[in-house]
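Protein sequences appear in the order of chains A and B. Under our numbering, the letters of the first sequence match residues 30 to 330, in that order. Under our numbering, the letters of the second sequence match residues 565 to 784, in that order. A quick write-up on the structure given underneath.
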Amino acid sequence: MSYAIETHELQYRAGKTFELGPLNLRVPAGAIYGFLGPNGSGKTTTIRLCLGLLRAGRGGVRVLGHDVPSQAPEMFARVGYVPERPHLYPTLTVREALALHGAFHRRWDPAAAADLLDTFRLEGDTRIGRLSKGETGKLLMLLALAQRPDLLVLDEPTDGLDPVVRRDVLMALIDFVSESGATVFISSHLVHELERICDWVGVMDRGRLVAEVPMHSFKNGIKRLRVRNAPAQAGDPPFVLLARERGDGASGTEVWVVRGWQPTMRQYFEGIGAVLQDVVDLDLEEGFVELLRTARVPGGA
Amino acid sequence: MFAAICRIQWKASVTALALLAALGFMVPLLTVQQAGFSAGDRRGWDLIGMLSTVEATGTLFPVLAVILGLTLAVGAWSADHQGEHVYALTLPVPRWHYVLLRFGAGLLLIVPVAVAVGAGCAVALGSLDLPTGLRTYGGAVTLRFALAATVSYAATFALAAGTKRTAAAVLAGLMTLIALALILETFGVSPAVVERVMNAVFARPGPFEVLVGPWAVIGV
């Protein structure tokens, strides 16, 4: 498998409180990779390290085969980036921003830019400083898409946008990916949003990558089990027991959150004298929350 | 790329440039009028006094050149500073190339103001009927103005390109030097540190010598 982004033992330290890594991130080429994590988990820092906007303390980064930061200009010719905070020149009009961006990007597609301007209902003569948050978000996405990149790096691109704008932006993204087959690396803490579009997921927590798996295995692997008469010691279960909580009332029912569940594992409960009452699928958000909860327990996940 | 950068830099500085160009045009006219060279009757001319006035008003040229350099340098970097340089750093060009584009665009924008100064000199000095022995220096002052603005621009561009910490370090260095000189003078030791530094910077072949040279548009 080839990777659009590959980090090797990447480490970074900001002050005395925040430390990131060692991070071994691998974003498969052609994937839509959702980069999840709570606020402050290190998503933006990781993105900035991957793009050479921050200097790593240790380790290396390769993006589309280019070493970062030494080959950053070559890399940026093929990467569209939407940062978390708007970075465009506020005195320029939308049209001027397009002209400036187009002048630097050889693969700039003026026709696609004009189409997206129309789709996003942006006025060419409006100054960037006067755009609303939603309009700025759409302009950033327009610039990234119209440069026809091989890799899109989107840092919370829909954060703070209303549902209509968010839908417009995601639709444009999906259209572009289906046409071009580009890789997308999208960070967000809006789990439901990523669930719909991503085929890979990486989860960050406190500067560590706690999971990196295909979306289907992430969604299917974590289950909530309702177990009656479970013994105090779970023994050696064939799955990963992420959490174990007492259920409601005095019925002796417990709720187990497990990873790596298979239907054939039911017989394990018979072996320990317990009764498996129910198996509940967790959606991505619940799985994400459970994963983080477990990752924060010493020795967990 | 260069045209695109020139356009945004022009937009960032156009108001200030228009004002400076107008002032640049006015200074030679003002000089000639203040000195009294525009008066028709030569009999009452006090040439020494008049030339002193020309010299005095000529100091407006380096002031204007410094302001022009400062304005262009700050205009070149202010938008990038606001966006924490993220946009510039994510463009597919090496950093040195981007800096060169920015620098070149600013240099180009010195031209319209220098042209305005030249035009002002041409208008003010062109029709003067000067006594024998006096000459006009419109072309030389215009060229000196362009060079002074370039030097001022280059210095402030380099300073403005850095972080606030860099600017603070440079200022702190200067302040330390002055404080040290004052302390040494208090104790009766006079190493003339400030004087030496000023000489090194402003006297030939110092980098800012162009600012303190002759600026009179009329002389002998």
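Glycine included, every Cβ here is placed at the ideal spot set by N, Cα and C. These numbers come from a predicted model, not from an experiment.
Counting C-beta pairs with one atom in each stretch, the region 39 to 48 of chain A and the region 205 to 214 of chain A have fewer than three that are closer than 8 Å, which means they do not touch. The CB of M565(B) comes closer than 8 Å to the CB of A132 and F133 in chain A, given here in chain order. Of the residues assessed, Q262(A) falls on the exposed side of the cut-off, its CB having fewer than 16 other CB atoms within 10 angstroms. In chain order, T654, L655 and P656 make up the part of chain B whose C-beta sits under 7 Å from the C-beta of F105(A).
Just so you know, the alpha carbons of L169(A) and P115(A) end up roughly 8 Å apart. Sequence-distant Cβ neighbours of A141(A) in its own chain, meaning closer than 6 Å and more than five residues away, are A175. Among the CB atoms of chain B, one or more fall inside 9 Å of the CB of Y118(A).
Secondary-structure assignment with DSSP links A43(A) through a beta bridge to F47(A).
Within the DSSP bridge table, the entry for I61(A) names V213(A) as partners.
In terms of beta-carbon proximity, V108(A) lines the interface with chain B, with at least one pair separated by less than 9 Å. The shortest C-alpha to C-alpha distance from L93(A) to any of G81(A), R84(A), V108(A) and L82(A) is the one to V108(A). From the listed residues K45(A), A303(A), N68(A) and L80(A), the smallest Cα separation to F214(A) is found for L80(A). The region 281 to 291 of chain A and the region 237 to 254 of chain A touch, with no fewer than 3 CB-CB distances between them shorter than 8 Å. Where T323(A) is concerned, there is no enclosing beta strand (DSSP E), although the alpha helix (DSSP H) around it starts and stops at L313 to A324. A check of alpha carbon separations from I569(B) across L129(A), M200(A), E315(A) and D138(A) identifies L129(A) as the nearest.
Nearest to H221(A) by alpha-carbon distance, out of L160(A), E314(A), Y297(A) and R150(A), is E314(A). Taking a C-beta distance under 9 Å as the contact criterion, L202(A) and L181(A) qualify as a contact pair. Residue-level contact check: G153(A) does not touch chain B, since none of the beta carbons of chain B fall below 9 Å from its beta carbon.
Separation of T727(B) and T120(A) (C-alpha to C-alpha, rounded to the nearest whole angstrom) is 22 Å. Selection L692(B), Q573(B), M565(B) and I782(B) evaluated against G131(A) yields M565(B) as nearest (Cα-Cα). Shown here, D144(A) sits in a helix according to DSSP, grouped into three states. Burial is judged here by how many other beta carbons sit within 10 angstroms of a residue's own beta carbon; S217(A) has at least 16 and is buried. The shortest C-alpha to C-alpha distance from N258(A) to any of D147(A), L151(A), F298(A) and A126(A) is the one to F298(A).
Within the DSSP bridge table, the entry for H95(A) names V92(A) as partners. Note: E35(A) is bridge-paired with R55(A) and R91(A) in the DSSP secondary-structure output.
In the three-state DSSP reduction, Y717(B) falls in the helix class (H, G or I). From the beta-carbon of E125(A), the residues of chain B found nearer than 8 Å are R571, I572 and K575. Going by beta carbons, A85(A) and P57(A) fall outside the 9 Å limit. DSSP places A586(B) in the uninterrupted alpha helix (DSSP H) bounded by F566 to A599. Around the Cβ of F105(A), a 10 Å sphere holds 16 or more other Cβ atoms; the residue is buried. The continuous beta strand (DSSP E) containing D307(A) extends over residues V304 to D310.
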